[in-house]
Amino acid sequence: MKVLRTIAELRQELSLKRQAIRSSASVVGLVPTMGFLHQGHASLMQAARQQSDIVVLSIFVNPIQFGPNEDFDSYPRDEARDVETARSQGVDIVFIPSVEEMYPQATQTTVSVSKLTERLCGASRPGHFDGVTTVVSKLFNIVQPQRAFFGMKDAQQVAVIQQMVNDLNMPVEIVPCPIVREEDGLALSSRNVYLSAEQRTQALVLSKALRAAQEAADTGVATTAADIRRILREHIATSPLAVIDYAEIQAFPSLEPLTDQEEVQGRDDLLIALAVKFGKTRLIDNIRLQKSEVLSHV
């Protein structure tokens, strides 16, 4: 496994690996991350290893997707552990560029997806998704992967990146991968380390609220979008430390909002999504409202 820090080194190594495979059909799989890797990231690397000839993991805490009062400086980092995790998952190349390598001068060009980015996290984090789509498009140009692997924990990000790829005719397949959870149901996130013991316990209300909404829809107790929103908020309200940013049900991947009276029964294109703060830590979670995705009882 090679650990590379410059774009030139990465391109040269990819060229050599492609030549070694001696196949014009060789598949490069990219796993873009901000590091501080956990089992959710490991699942992305595993999927990439299964579906690619060459696996590239990028580790880059991207400053332009953080707002002025967000946690860029304090975002958790552990490069040595990340490299060992990548090695254990069979990654071929770990790309760890500096900010100066990715942005050698003030950025004058950005990639922006409209509409999809105006809702959910985009509403409370203005400019965030412009930073995401800009850095991902840069990584796509640098690595030129045939496949890129993203976790569904940030379902909005998956939808936004897929829209960017479609609109700009980028020759890369976006591969969404399932959310990985702790045994008690909490979705894995690098930001979970910020939680105090009490916050960590109360954060379980996210998966419990999602499961309650899902069960209510499956059993017919909830038939409208208003029912789903009410159930989500009632469950989250049982956690005194939880401050709701949003608790929503929307069409997926269009992220079109549903009116309160809109029926949810019999639809498999719906996303229930949450963003909730515990102290300064903002956690997101979601579930597709379809029987093929079931949150187990924990």
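Note that the sequence shown covers residues 4 to 301 in the numbering used here. Just so you know, even glycine gets a beta-carbon here, dropped at the ideal spot from N, CA and C.
I need the straight-line Cα distance from residue i to residue j, nearest angstrom please.
{"i": "L13", "j": "S61", "result": "11 Å"}
{"i": "V139", "j": "Q68", "result": "11 Å"}
{"i": "I177", "j": "E87", "result": "26 Å"}
{"i": "I275", "j": "K211", "result": "12 Å"}
{"i": "L47", "j": "A229", "result": "34 Å"}
{"i": "S18", "j": "V34", "result": "18 Å"}
{"i": "P243", "j": "R285", "result": "15 Å"}
{"i": "D272", "j": "P179", "result": "15 Å"}
{"i": "G130", "j": "A215", "result": "32 Å"}
{"i": "H300", "j": "N289", "result": "Low per-residue confidence applies at H300: pLDDT is 44, beneath 50, and the placement is therefore not dependable, though the value from the model is reported in the following sentence. In a straight line, the C-alpha of H300 is about 16 Å away from that of N289."}
{"i": "R128", "j": "S199", "result": "24 Å"}
{"i": "D248", "j": "V114", "result": "26 Å"}
{"i": "T9", "j": "E103", "result": "10 Å"}
{"i": "F63", "j": "A278", "result": "23 Å"}
{"i": "L235", "j": "A11", "result": "48 Å"}
{"i": "T226", "j": "A254", "result": "15 Å"}
{"i": "S193", "j": "S101", "result": "20 Å"}
{"i": "Q92", "j": "A45", "result": "7 Å"}
{"i": "K20", "j": "P148", "result": "13 Å"}
Let me know if residue i comes out buried or exposed under the rule of 16 or more other beta-carbons within 10 Å of its beta-carbon.
{"i": "A51", "result": "buried"}
{"i": "K156", "result": "buried"}
{"i": "D95", "result": "buried"}
{"i": "D76", "result": "exposed"}
{"i": "K141", "result": "buried"}
{"i": "V146", "result": "buried"}
{"i": "V196", "result": "exposed"}
{"i": "D85", "result": "buried"}
{"i": "A83", "result": "exposed"}
{"i": "Q159", "result": "buried"}
{"i": "E251", "result": "buried"}
{"i": "L171", "result": "exposed"}
{"i": "T112", "result": "exposed"}
{"i": "T137", "result": "buried"}
{"i": "P71", "result": "exposed"}
{"i": "G154", "result": "buried"}
{"i": "R240", "result": "The residue you asked about is not Arg; residue 240 is Ala in the sequence shown. Per the 10 Å Cβ criterion, exposed."}
{"i": "V31", "result": "buried"}
Mapping DSSP to helix, strand and coil, what is residue i?
{"i": "K156", "result": "helix"}
{"i": "T36", "result": "strand"}
{"i": "Y249", "result": "strand"}
{"i": "H300", "result": "Reliability of the predicted coordinates at H300 is poor, the pLDDT of 44 falling under 50, and no value is obtained from them."}
{"i": "S199", "result": "coil"}
{"i": "V116", "result": "coil"}
{"i": "T262", "result": "coil"}
{"i": "L13", "result": "helix"}
{"i": "K283", "result": "coil"}
Using 8 Å for Cβ pairs, my map puts residue i next to residue j. What's the rounded Cβ distance?
{"i": "P256", "j": "A162", "result": "4 Å"}
{"i": "D74", "j": "I24", "result": "Actually they are not in contact, since the Cβ atoms of D74 and I24 sit about 40 Å apart, beyond 8 Å."}
{"i": "R90", "j": "M4", "result": "5 Å"}
{"i": "L207", "j": "D221", "result": "L207 to D221, Cβ: 21 Å. No contact."}
{"i": "V175", "j": "R150", "result": "7 Å"}
For residue i, is the beta carbon positioned less than 7 Å from some heavy atom of the ligand ZN?
{"i": "L198", "result": "In the structure shown, the ligand ZN is absent, as is every other ligand, since no ligand is present at all."}
Pairs of beta-carbons, one from the segment 158–167 and one from the segment 101–113, closer than 8 Å: are there three or more? no
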